[in-house]
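Structure, as structure tokens:
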Amino acid sequence: MLVDYHVHVLAHGEYNYNLQWVNQYIDTAYQKGIREIGFSEHDEYTNQIAFDLFKKMQTTRRHDINLKLGIEMDYTPGKEEIIKDIIAQREYDYVIGSVHYINGWGFDHPDFKAGFDHQDIDKIYGQYTGILMQMVQSGCFDVVGHIDLIKIWGYRPRQKPSLYYFEPVLRAIKKYGLAVEINSAGLRKPVSELYPAAEIVSRMFDYSIPITFGSDAHHPGQIGEGLEEAYHSAWQAGYRYMVRFERREKIITAIEY
Numbered sequence: 004m005l006v007d008y009h010v011h012v013l014a015h016g017e018y019n020y021n022l023q024w025v026n027q028y029i030d031t032a033y034q035k036g037i038r039e040i041g042f043s044e045h046d047e048y049t050n051q052i053a054f055d056l057f058k059k060m061q062t063t064r065r066h067d068i069n070l071k072l073g074i075e076m077d078y079t080p081g082k083e084e085i086i087k088d089i090i091a092q093r094e095y096d097y098v099i100g101s102v103h104y105i106n107g108w109g110f111d112h113p114d115f116k117a118g119f120d121h122q123d124i125d126k127i128y129g130q131y132t133g134i135l136m137q138m139v140q141s142g143c144f145d146v147v148g149h150i151d152l153i154k155i156w157g158y159r160p161r162q163k164p165s166l167y168y169f170e171p172v173l174r175a176i177k178k179y180g181l182a183v184e185i186n187s188a189g190l191r192k193p194v195s196e197l198y199p200a201a202e203i204v205s206r207m208f209d210y211s212i213p214i215t216f217g218s219d220a221h222h223p224g225q226i227g228e229g230l231e232e233a234y235h236s237a238w239q240a241g242y243r244y245m246v247r248f249e250r251r252e253k254i255i256t257a258i259e260y
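Dropping the structure here:
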């Protein structure tokens, strides 16, 4: 069962949440063989979601595709109670936790890429994975989003391999029972690689960490993009099952690949 659990109808607020626009996502998903879509807007745009429309579309099931309601929460240390309050406002099927900022630096935004130029890349990886660790331990989330996003521009640590920094995070993910998404958006970025990298997916399998999949689509044309590569990465690592979500409960589902 092909799923895409990381889809943004509103992108970064530039699109409207209406029937015609949402249907474009669903129609593209149908053409690509996707049977379940998780719409997970960025938390700062939830006030633009037409929740009544979404509920109606869940019932009508265009192309017989399942629709799930998720949210992608940007994690900032110290704001856990605010995050929990936002999540409690709706009955979400799952909550993705993501890290896009290091001490206020939006490292994945093109306008702030130069921030890498005069810093120790190993220190940056350490800071990033330290925030990831706090996010995992916060108890707020169900899914870790694009876990190694820090590599977006192609910068790699020099003193230690990447897995050295992510290993403690993976152990925490296992302990706290989260899933990790295999996110294909990295294929569209300068790094030209899935999030996470193959060696991290392999170690996730060693820890029996559950997985799901997402394209991180911000436009109908991007839905499902790169998911074939994402499923292949999971299969190569040994995965034969993924998880779907219903009211924040995991549903174990066979990977048909």
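Going by my numbering, the first residue of the sequence shown is number 4, and it counts up by one from there.
Positions of the beta carbon are idealized from the N, C-alpha and C atoms, including for glycine.
Span of the alpha helix (DSSP H), counted from its first residue to its last, around residue i
i    : result
G129 : I124 to Q140
F42  : Segment I37 to H45 is the beta strand (DSSP E) holding F42; no alpha helix (DSSP H) there.
K59  : F54 to T63
S205 : A201 to D209
A32  : L22 to Q34
Candidates the options, of which the one nearest residue i by Cα
i    : options                   : result
P199 : Y78, G148, P193 and H45   : G148
K154 : V139, E94, C143 and Y131  : Y131
D88  : D46, H9, G36 and Q162     : D46
W70  : G229, S141, L5 and T79    : Trp is not the amino acid found at residue 70; the sequence shown has Leu there. Cα-wise, what sits closest to L70 is L5.
D219 : I203, G142, E75 and Y260  : E75
H11  : G217, M60 and Y244        : G217
Q27  : I258, H221, A91 and W156  : H221
Y234 : I212, Y158, G180 and Y260 : Y260
D1   : V102, M245, F119 and I214 : Nothing about residue 1 can be reported from this structure: the residues present for the chain run from 4 to 260 only.
Y179 : K192, T79, G142 and P164  : G142
E249 : Y33, L72, M60 and G129    : L72
P80  : Y48, M60, A182 and Q137   : Q137
I105 : Q122, I185 and D7         : Q122
E44  : Y8, A201, D120 and Q23    : Y8
Y210 : P164, V183 and V194       : V183
A201 : G36, K192, K163 and N186  : N186
Q162 : E232, M60 and D125        : D125
V194 : F119, W108 and W156       : W156
V146 : L13, G36, W108 and E252   : E252
I212 : E232, L190 and Y244       : Y244
Y78  : L230, T215 and Q140       : Q140
L214 : R191, I176, A188 and G36  : Before going on, a small fix: residue 214 reads as Ile here, not Leu. Answer by Cα proximity: I176.
I127 : P160, G107, G100 and F144 : P160
Residue i, enclosing beta strand (DSSP E) - first and last residue
i    : result
H9   : L5 to V10
A257 : E252 to A257
For residue i, the three-state DSSP class (helix, strand or coil)
i    : result
Y244 : strand
D151 : coil
A220 : strand
T79  : coil
L181 : coil
L70  : strand
Y97  : strand
F144 : coil
E249 : strand
P238 : Per the sequence shown, residue 238 should be read as Trp rather than Pro. W238 falls in the helix class under three-state DSSP.
I214 : strand
Q225 : helix
N50  : helix
D88  : helix
A14  : coil
R191 : helix
R161 : coil
Y168 : helix
D120 : coil
Residue i: CB within 8 Å of a non-hydrogen atom of the ligand ADP
i   : result
I74 : Of the ligands one can find in the structure shown there are none, so the ligand ADP has no counterpart to examine.
Bridge partner(s) assigned by DSSP for residue i
i    : result
W108 : I105
Y198 : N186
| query | Between the stretch 44-62 and the stretch 6-22, do at least 3 Cβ pairs fall closer than 8 Å? | reply | Judged by Cβ distances under 8 Å, the stretch 44-62 makes contact with the stretch 6-22, as three or more pairs qualify.
| query | Hey, is the stretch 86-100 in contact with the stretch 112-119, meaning 3+ C-beta pairs nearer than 8 Å? | reply | Proximity of the stretch 86-100 to the stretch 112-119 falls short of the contact definition, fewer than three beta-carbon pairs being nearer than 8 Å.
| field | At least 3 beta-carbon pairs within less than 8 Å: the stretch 224-232 vs the stretch 31-47 | value | Cβ pair count under 8 Å is three or more, so yes.
| request: Mind the definition here: the stretch 201-214 touches the stretch 231-242 only if three or more C-beta pairs lie below 8 Å; say whether that holds. | output: Output reads yes: the stretch 231-242 touches the stretch 201-214.
| message | Does the contact criterion of 3 or more C-beta pairs under 8 Å hold for the stretch 91-99 versus the stretch 58-66? | response | These segments do not touch.
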